[in-house]
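The structure appears right after this line, and notes come after that.
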Amino acid sequence: MAVILREKAYRTIKDRIVSGQYRPGQPLNEKEIIQELQISRTPFREAINALNEENLVQIFPNRGIFVRELTLRDVSDGFEIRLLLEPYVVQLACKRISRDGLEELIRRNESLRRDDYQGMKEEDEYLHEALLQYVDNRQLVRIMKNLYEYNRFQNVYYDMGGSEAVHSQRLDSLVESIHEHTLILQRMHQGDASGASEMAREHIVNARRRAGSIML
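Okay, so the sequence shown: first residue is -19 according to the working numbering, each after it adds one.
Next up, the structure:
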């Protein structure tokens, strides 16, 4: 029962952080969350400690618990891990995904309107999750899911900028990202696993550069 309550608290708080319901820098009211979730302090604290390990919250003695504010180092570290693992994910998925599955993913990418910010953001997330379905390695899938959830948190942080300049950069970045996804999928459709993997590597390098320019 204790494990179930801890998981309930962990998943609820994490989902709210990565979706933007709890914003970067926002204090988390321990008493309110405990009452809402109908749990005791122990599973709440265990959940918070796990989220602290994932760099999603910060705990300050005598001050409280806060949603973590991102730094350029946080973003760079995430991309570094993706650079190591994501090309391999593409290579593995290329061996198992069907041609019909790839054609559907390509169609979804190509049908997106290039001014549809929300649609492109959701499709970006969908593609990463879709490829993981064809990776027969549970540990790798778990690591990548955590990375992609952290990436969603980063997107919330970027979107908080609020200015027209930031929004324009984010829109341009997504247009480039969707285009790069299509090129990767086309290589996969051709059966070129190594080529698709190399293009995935280039995509992450480009994505890191774009993210860095938005945060500066």
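Note that CB positions come from ideal geometry on N, CA and C, so glycine has one too.
The model shown is predicted, which means the values in this text are computed figures rather than measured ones.
Kindly indicate which three-state DSSP category V115 falls into: helix, strand or coil?
-> Look at V115 here: in three-state DSSP terms it is coil, with no helix or strand label.
Let me know the secondary structure DSSP gives P41 once reduced to three states.
-> coil
Reduced DSSP secondary structure (H/G/I, E/B, other) of L64 | helix
P212 by DSSP, collapsed to three states: which one?
-> With the chain represented from -19 up to 196, any question about residue 212 goes unanswered, as that position is not in the structure.
Check whether the segment 18 to 36 touches the segment -16 to -3, counting contact only when three or more Cβ pairs, one atom from each stretch, lie closer than 8 Å.
-> yes
Between A110 and L127, is the Cβ-Cβ spacing less than 8 Å?
-> no
Determine the burial state of R93: buried for a count of at least 16 other Cβ atoms within 10 Å of its Cβ, exposed for fewer.
-> exposed
Of all the options R167, G171, R188 and V155, which has the alpha carbon lying nearest to the alpha carbon of M250?
-> The displayed coordinates of the chain run from -19 to 196. Any statement about residue 250 would go beyond what the structure contains.
Assign E279 to buried or exposed, taking buried as 16 or more other Cβ atoms, counted over all protein chains shown, within 10 Å of its Cβ.
-> The structure shown does not extend to residue 279, since the chain is modelled only from -19 through 196, so no value can be given for it.
Spatial distance of E12 from Q18 (CA atoms) = 10 Å
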